[in-house]
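Residue numbers (our numbering): 9 to 261. Taking it in order: structure first as structure tokens, then the write-up.
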Amino acid sequence: MLLEYIIICPLVFIAGFIDAVAGGGGLVSLPAYMITGLPAHSCVATNKMSAFMGTAVTTIKYAGSGFIPWKNALFCIPCAIAGSALGAGLSLLIPDTIFTIVMIVVVPLTGIYVLVKKDAFAPKKTHGDAATIIICAAASFVIGVYDGFYGPGTGTFLILILTGLAGMELTKANGLTKAINFSTNISALVVFLINGQVLFPLGIIAGVFNIAGNYLGATRFEKNGSKIVKPVLIIVLSVFFIKLIYELIFQTQ
9 MLLEYIIICP
19 LVFIAGFIDA
29 VAGGGGLVSL
39 PAYMITGLPA
49 HSCVATNKMS
59 AFMGTAVTTI
69 KYAGSGFIPW
79 KNALFCIPCA
89 IAGSALGAGL
99 SLLIPDTIFT
109 IVMIVVVPLT
119 GIYVLVKKDA
129 FAPKKTHGDA
139 ATIIICAAAS
149 FVIGVYDGFY
159 GPGTGTFLIL
169 ILTGLAGMEL
179 TKANGLTKAI
189 NFSTNISALV
199 VFLINGQVLF
209 PLGIIAGVFN
219 IAGNYLGATR
229 FEKNGSKIVK
239 PVLIIVLSVF
249 FIKLIYELIF
259 QTQ
């Protein structure tokens, strides 16, 4: 039992830091739970609880800093939740292998975009308010579908889309992403709680570590912005790509 805490808590702290800066913390935190040998459903549920606690702190911190565009969030949050529900349904119909192959193409291209485009996160407001809301809501729905279907790197992709397509400032894109993640985490956590899958002592203590990581990451993001986001994004995408290759190899054996 003690070994589980020793393994999970430090990694969940790191995941919180990554998630606050550039999304994708689940790529670190969920494997941390899985390698302990705990039941898969309990891993997912307890990870969702600790992630919910950490994301709540970051969301509050970013809201206090004025990073969350609430006008956009009011449209994006329900779209993300609806997309997540649809994605969960699609996951029962489409083989995981097909989606993994698609992501193996998408992830490297995303990484190349971040590396090559020097002004990837520079503000480029080219849309009116109404058009921006429509783009953000559509992006939230699409990424929500992805989150429900597969999940890893959801926040990372949403930040990239909100800055690249909607032309949002990085701070606003990250703030909106956290508000959306917080909302979808609540809906998922409620389901897990109803079904009794959350390991409370572990989830609460890991959640405290995740809060600390999120707080530190949010503080660094507020100070350094795009200087810290770009390298963290590349790390997240690299880890994600390795994970996809690993899954594809073992799924086809």
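Even glycine gets a Cβ: it sits at the ideal position worked out from N, Cα and C.
Next item on the list: Leaving out five residues on either side along the sequence, give the residues of the same chain with a beta carbon under 6 Å from the beta carbon of serine 191.
Entry: So the list reads Ile85, once near-sequence residues are dropped.
Notebook entry, point to check: Between the beta-carbon of isoleucine 169 and the beta-carbon of alanine 147, is there less than 8 Å?
Noted result: Yes.
Check: For histidine 49, does the three-state DSSP call read helix, strand or coil?
Finding: Looking at histidine 49 - three-state DSSP - the assignment turns out to be helix.
Check: In its own chain, which residues sit with a C-beta less than 8 Å from the C-beta of leucine 252, not counting the 5 before and 5 after it?
Finding: For leucine 252, where only same-chain residues beyond five positions count, the Cβ hits under 8 Å are Thr108, Met111, Ile112, Val115.
Margin query: Using C-beta distances below 6 Å, list every residue in its chain close to glutamate 255, excluding the 5 sequence neighbours before and after it, in chain order.
Written below: Counting only Cβ-Cβ distances below 6 Å, and skipping sequence neighbours, we find Thr108.
Next item on the list: Could you tell me whether the Cβ atoms of alanine 214 and alanine 81 are closer together than 8 Å?
Entry: Not closer than 8 Å, so no.
Note to self: Along the chain, where does the alpha helix (DSSP H) containing lysine 79 start, and where does it finish?
What the structure shows: Run containing lysine 79: 78-98, per the alpha helix (DSSP H) assignment.
Checklist line | Nearest to alanine 48 (by Cα), restricted to the options Gln205, Gly136, Ala30 | finding: Of Gln205, Gly136, Ala30, the smallest CA-CA separation from alanine 48 is found for Gln205.
Item checked: Where tyrosine 268 falls, given that 16 or more other Cβ within 10 Å makes a residue buried -> With the chain running from 9 to 261 in the structure shown, residue 268 is simply not present.
Item checked: glycine 175 versus isoleucine 167 - alpha carbon distance -> Using only the alpha carbons, I get a separation of about 11 Å.
Note to self: With a threshold of 8 Å between beta-carbons, can cysteine 84 be considered close to chain D, or not?
What the structure shows: Protein chain content of the structure displayed is limited to a single chain, and chain D is not contained in it.
Next item on the list: Would you mind listing the alpha helix (DSSP H) stretches within the stretch 111-199 that are 4+ residues and don't spill past its ends, in chain order?
Entry: Here the runs fully enclosed are 137-157, 162-172.
Notebook entry, point to check: Ordered along the chain, which non-local residues of its own chain (more than five positions away) have a Cβ less than 6 Å from that of tyrosine 223?
Noted result: Hits under 6 Å: Val65.
Margin query: Count Cβ pairs between the stretch 60-80 and the stretch 233-243 that sit closer than 8 Å; are there 3 or more?
Written below: Contact between the stretch 60-80 and the stretch 233-243 is absent, with fewer than three C-beta pairs closer than 8 Å.
Notebook entry, point to check: Considering only the beta carbon of each residue, do leucine 210 and threonine 54 sit closer than 8 Å?
Noted result: Yes, they are a contact pair.
Notebook entry, point to check: For asparagine 203, is the classification buried or exposed, using 16 other Cβ atoms within 10 angstroms of its Cβ as the cut-off for buried?
Noted result: With fewer than 16 other Cβ atoms within 10 Å, it is exposed.
Next item on the list: Mind checking which residues open and close the alpha helix (DSSP H) that includes valine 29?
Entry: Its alpha helix (DSSP H) spans residues 10-30.
Item checked: Neighbourhood of asparagine 189 by C-beta, 6 Å cutoff - its chain only, sequence neighbours within 5 removed -> Correct list, in chain order: Thr63, Gly163.
Next item on the list: Indicate the three-state DSSP secondary structure (helix, strand or coil) for glycine 204 in the structure shown.
Entry: Correct three-state label for glycine 204: coil.
Checklist line | Limits of the alpha helix (DSSP H) - the one that serine 37 falls within | finding: It spans 34-42 - the alpha helix (DSSP H) in which serine 37 sits, taken as one unbroken run.
Next item on the list: Note down, in chain order, each residue of its chain lying with its Cβ closer than 7 Å to the Cβ of alanine 93, except the 5 sequence neighbours on either side.
Entry: If we look at alanine 93 and ignore the five residues flanking it on each side, its Cβ neighbours are Gly156.
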